[in-house]
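If you read the sequences in order, they're chains A and B. Heads up: the first sequence begins at 1 in the working numbering, then just goes up one per residue. Heads up: the second sequence begins at 626 in the working numbering, then just goes up one per residue. Report on one structure; see the data block that follows.
Number of protein chains: 2
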Amino acid sequence: MKPVDFTATKITGGFWKQRMEMARKKTLGAVYDRFDETGRIDAFRCDWQEGMPNRPHYFWDSDVAKWIEGAAYMLAEKRDRAIEKKIDKIVDNIAKNQWDDGYFNIYYTLFARDRRFTLRDEHELYCAGHLIEAAVAYYRATGKRKMLDCMIRYAEYIDLRFRIKRDTGFSTPGHEELELALVKLYECTGDKRWLDLSEFFIAERGKSVEPMPNWMRASYNQSHLPPVKQRTAEGHSVRACYLYTGMADVARLTGNDELKEACKAIFDDIIYKKMYVSGGVGSSSAGEAFTVPFDLPNLLAYTESCAAIGLAFFALRMQLLETDSKYADTIERIIYNGFLSSISLDGTSFFYENPLEILPYMHTRDASVVNPSIHFPPMQRSKMFGCSCCPPNIVRFIPSIANFMYTVDDSGDVPVLFVHQFAQSKTVLDFGGAQLNVSQRTRFPDSGRVSVNISGSDARVAVRVPFWSDGFKALKGNNASYLFTRSGYAYFYVPDGGCVNIDLGMKISLVAARPESRFDCGKFAVMRGPVLYCMEGIDNPEPLRDIRLKPGSFRYSPTGPIDGVPSITAKAFRTASADFADGSLYRQTSAPLPLVKTSATLIPYYAFANRGVCEMQVWNFVKEK
Amino acid sequence: MKPVDFTATKITGGFWKQRMEMARKKTLGAVYDRFDETGRIDAFRCDWQEGMPNRPHYFWDSDVAKWIEGAAYMLAEKRDRAIEKKIDKIVDNIAKNQWDDGYFNIYYTLFARDRRFTLRDEHELYCAGHLIEAAVAYYRATGKRKMLDCMIRYAEYIDLRFRIKRDTGFSTPGHEELELALVKLYECTGDKRWLDLSEFFIAERGKSVEPMPNWMRASYNQSHLPPVKQRTAEGHSVRACYLYTGMADVARLTGNDELKEACKAIFDDIIYKKMYVSGGVGSSSAGEAFTVPFDLPNLLAYTESCAAIGLAFFALRMQLLETDSKYADTIERIIYNGFLSSISLDGTSFFYENPLEILPYMHTRDASVVNPSIHFPPMQRSKMFGCSCCPPNIVRFIPSIANFMYTVDDSGDVPVLFVHQFAQSKTVLDFGGAQLNVSQRTRFPDSGRVSVNISGSDARVAVRVPFWSDGFKALKGNNASYLFTRSGYAYFYVPDGGCVNIDLGMKISLVAARPESRFDCGKFAVMRGPVLYCMEGIDNPEPLRDIRLKPGSFRYSPTGPIDGVPSITAKAFRTASADFADGSLYRQTSAPLPLVKTSATLIPYYAFANRGVCEMQVWNFVKEK
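What follows is the structure, given as structure tokens:
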């Protein structure tokens, strides 16, 4: 299975076009400005001194590197002199401050020159990975080699120290990311050293006990077992997903079937036992970590934005390893929900954590003590964080969204085009040596109708039947021949110039969770197609937990209480206030109290917390009668 | 309204007799032995030196004092030479180590001789209060004055320093308790100085900003306002309830109507907004504190055993201030549930916290980090705690349970005997100057049938109509004349030798909480009479949250899975495992999934956690069809 890079696709309208324009016009600049204000850009001059504001932190290289990568993805679509000038200045500083031996890291250069490669948990190789990803992206977008050359020199130095000399204070990254970055460097340069080095880091991991802070266990950074023997998702969820992404890359490019088996088991462990209905992962703020199976508390969900992004990366690689719609289903679940919630509708503020329920009162309940005991996720997005990994990750994710749309399988007699995601777009791709033009016409996810037009040759086209599909069927105008459905994809034969015109079967559905997910028991989420809905207190009577939605009464509208955002309304019931009018807290009864009618309005989960602090919930009670 | 001291009543059989015997035979000795092992008894020798084990803590005086008080209540029923010998030895040490000026405190004598009365949060006056309560109890039980005389001297010294000289480092207790103890000293000695001193401490409180640790706010120890202006329950729940108890005492004995109004408002704030269905209070482990209205999370409930006891004390005083069955209703709710859960069925281990739900997996969810982020209450009782306030509080509570049974109102034309609580018992009390013999025959709470027999004179008898009553009615053998029902009491005229023979109307009921109590929304507790029931995983399929009980199918049995403990069985429903047999975590549906039949067994909440670690829940889903 071969990837189809996002640069082959032009999103021409609709849901993602709108978000890509926002990212270009608002988010890119907003994140740069916050980074500039907080000293992250100037830090690359490596001339910070005690007494100056904005003391550089050891993960700052990575923050800016991710921003460069995101900017590069936008430049790949359309060059921009002003943005390039900003990047070139940073690159000049990198080149100027790179050590003679090839090393580059702001923090260590300034504060810990004699402790290079000795502190495993301080993100040195993580920063290296993001700098490499940025260098590759910037080179591919602009042809400018300066940063790429710097990073090749740095990679050579890492290779020398970690793999050849083995004279470092630890042997594998404390925060994974370099593994997948080296694969990108390999794919960009064709130099197999970088694939080998990535493979080396994965093979070395978990072989020996490495130094670590005393608050973490080895599973925190996935060092409890060699990756090839791992079968479950453990520890810090961003570290984990980045490692798994690198593992799947290496498994694919080296044909390591044992590593592939590990990846498959871990992926299933995540999506069948550890993933919120939003696609968010990492249930606990303690270690920002994966926890135990079916531990999905909504109010306390940590579900870091970067973890959602990391899981999408992992799923993208798995989609290349194996044909199964669960990978694209997971990507779709993430990109419309747990990822998209991380950015405000105006594109300038961000969630680091993405809760599935908000009870504002819980944030102020401990009125008699100064420090409350429980960490609840913030209720509103921020412009910036001290640890600001998420905003630039969002910057690089949105412009490269088309990465997820297609793959081509040319391993069989006839090549097959896989359509994984749906968006109004035009793509030109290599199809078994020929050029194929693919065009999608759709208003997805507002509508489940999708028309996939091809020209350039005949083709087999495999269209994903989404997990939420209820009545996948051909529409008028379809001139493809349905062949069969396998592993979640409907295969069609499409003649040159032909069209698969289908209705994916998008309806409003209730979602039940398996009962082991105890915080969802007796409750239902509401989805329409891939979009998860939620209730907010601004649109509904609080407490939201008292609302019982009436199944079958749901009505979709492309508009609603938020401009440009759809909504679902439903009939509903709630407790009669008269039943507690005497002020009593408890009431003895022989049968459940009769309820009174009300109505409910749901908005997409991705749009929550854009109108001030109020209750929010994803999992709702329903009442049949 | 006059109290009827527990010494006037002999519990002759049934529920409480059994527990009083257990407390005498098991609990008293078990707590003493743990205190002896941990150095708490020897600490009274005040000769501890660096290098010795068991360094005395600043609250140890109070632990042992509460044990002495409990022992004294047992001695009041039946003298015991061996127990008295133990107490006399402690008293000898107190007398020997009391300072010339009257001061006594182990910790300050050993470690902080020059810092007496300077550290407001270190329990000095709290210890004094408990020593005074113990001295009064021991004197009343045995006539031995030695400890009482010591404590009068200590009280005189406190009076001198705090009220007369005012030369102390703080002006009111950081941990309240002394206020109510001084009232007991006043009632025992008749010396009005002690009532005055209690009144002084209450009047001084909140007048000025007192020194406090920087993690607490003034409301933590109820110093945010003068008590007379307080209207809500705030801060550390044990401190709070002890203060409110003292306030109600002083309001009654001084006729301070403003203080009475404060007490009434605070009591209502607790029972209408801040009390669990178990009678537990103090929702948060942060500060062991009252929080905001309707904050009653079950899984995180702190609900300290001492707080339940404190609220019962407060309600007992309110019962003397005002005729309203809500006070006795609250006492009943506590003594059968949130108090009684604090002691194991074998009488030797204890809960400090009393959760309303247990999900064992939550205790080990944070597998990748050493310190989990959230404090969950322990799942099993302990023999001992580092801070061991609860076990001796239980020791003193059980033998004095009859304190809650009766009051006499002789303020009107005819005296009225109020029957607040129900237990097989014989009482001899002063009834408007005459002696009245009162006998209750009942199997309460196994049965709601109660026969109250009086002899010695005719009487008005006011029997509480419990909050759970469904069909309060006279039974055969009743030869009392029903007069009227007022403020939750049914008044009868009973001739000398006559009997109020009634059925209180005990049925199994569902309990709904008002919707603002968000963690109870859509769920129901099960009660039978005053006894709250719960499900445990040992008797029912886990996850318990997946069980939906069928209203109307409940059946009571005086036996069940635990010897000597009743149970309730019910028809129930749960998720069909076939619905998730493919391993999927979520399932799209158009209507709630059909459920399959199962059955459920509930046991009294007081009996949970006696058979190993498993899930437990009080609030259940129900299904009507």
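Beta carbons are placed, not taken as given, at the ideal position from N, Cα and C, and that holds for glycine.
Is the beta carbon of residue i less than 8 Å from the beta carbon of residue j?
{"i": "L510(A)", "j": "F519(A)", "result": "no"}
{"i": "K623(A)", "j": "F580(A)", "result": "no"}
{"i": "S368(A)", "j": "E859(B)", "result": "yes"}
{"i": "L125(A)", "j": "F104(A)", "result": "no"}
{"i": "Y1118(B)", "j": "A1105(B)", "result": "yes"}
{"i": "P1217(B)", "j": "A591(A)", "result": "no"}
{"i": "G727(B)", "j": "E781(B)", "result": "yes"}
{"i": "G347(A)", "j": "M616(A)", "result": "no"}
{"i": "I335(A)", "j": "F404(A)", "result": "yes"}
{"i": "R441(A)", "j": "Q421(A)", "result": "no"}
{"i": "G639(B)", "j": "F1069(B)", "result": "yes"}
{"i": "E322(A)", "j": "P466(A)", "result": "no"}
{"i": "I11(A)", "j": "K2(A)", "result": "no"}
{"i": "V281(A)", "j": "L316(A)", "result": "no"}
{"i": "A1115(B)", "j": "V1041(B)", "result": "no"}
{"i": "G522(A)", "j": "G799(B)", "result": "no"}
If I measure Cβ to Cβ from residue i and keep anything under 7 Å in the same chain, skipping five residues before and after, which residues do I get?
{"i": "S1178(B)", "result": "A1195, K1196"}
{"i": "W67(A)", "result": "V31, Y32, F35, P392, V395"}
{"i": "N540(A)", "result": "I547, A600, T601"}
{"i": "D792(B)", "result": "R786"}
{"i": "S382(A)", "result": "S349, F350"}
{"i": "G206(A)", "result": "S223, H224, L225, P226, P227"}
Please look up how many angstroms separate the CB atoms of residue i and residue j, rounded, as I've assumed it's under 8 Å.
{"i": "T303(A)", "j": "E353(A)", "result": "6 Å"}
{"i": "V618(A)", "j": "L532(A)", "result": "7 Å"}
{"i": "G355(A)", "j": "P372(A)", "result": "For the record, residue 355(A) in the displayed sequence is Pro; it is not Gly. That pair is no contact at about 16 Å."}
{"i": "L296(A)", "j": "Y272(A)", "result": "Actually they do not touch by this definition, with Cβ atoms about 12 Å apart."}
{"i": "T634(B)", "j": "A1232(B)", "result": "In fact, because the Cβ distance is near 25 Å, the residues do not count as touching under 8 Å."}
{"i": "F975(B)", "j": "A933(B)", "result": "Not quite, the Cβ-Cβ distance comes to about 12 Å (not below 8 Å), so this is no contact."}
{"i": "L320(A)", "j": "R252(A)", "result": "6 Å"}
{"i": "I562(A)", "j": "G612(A)", "result": "Not confirmed; about 12 Å, so no contact."}
Tell me whether residue i sits in a helix, a strand or coil according to DSSP, three-state version.
{"i": "S567(A)", "result": "strand"}
{"i": "V370(A)", "result": "coil"}
{"i": "Q643(B)", "result": "helix"}
{"i": "G235(A)", "result": "strand"}
{"i": "V31(A)", "result": "helix"}
{"i": "S796(B)", "result": "coil"}
{"i": "P1229(B)", "result": "strand"}
{"i": "E204(A)", "result": "helix"}
{"i": "R1143(B)", "result": "helix"}
{"i": "E615(A)", "result": "coil"}
{"i": "S342(A)", "result": "helix"}
{"i": "L225(A)", "result": "coil"}
For residue i, which residues from the same chain have a beta carbon less than 8 Å from its beta carbon, with the 5 sequence-adjacent residues on both sides left out?
{"i": "E204(A)", "result": "S171, T172"}
{"i": "G633(A)", "result": "Chain A is shown from 1 up to 625; residue 633(A) falls before or after that span and cannot be answered."}
{"i": "V250(A)", "result": "E179, V183, L195, S198, E199, I202, N256, L259"}
{"i": "I708(B)", "result": "L653, A696, M699, L700"}
{"i": "S1072(B)", "result": "M1131"}
{"i": "H988(B)", "result": "P997, F1001, M1004"}
{"i": "F313(A)", "result": "L180, C241, Y242, T245"}
{"i": "T589(A)", "result": "none"}
Short of 6 Å in beta carbon distance, which residues of its chain neighbour residue i, apart from the five on each side in sequence? Order them along the chain.
{"i": "S285(A)", "result": "Y302, H375"}
### Query
In chain order, which alpha helix (DSSP H) runs of at least 4 residues are fully inside the region 298-334 of chain A?
305-321, 325-333
#### Entry: Runs of beta strand (DSSP E) wholly within the region 73-134 of chain A (minimum 3 residues, chain order)
none
#### Entry: 4-residue-minimum alpha helix (DSSP H) runs that sit fully inside the region 143-199 of chain A, ordered along the chain
146-158, 178-189
### Message
Please give the ranges of any alpha helix (DSSP H) in the region 386-449 of chain A, keeping only runs that are unbroken, at least 4 residues long and fully inside the region.
### Response
390-397
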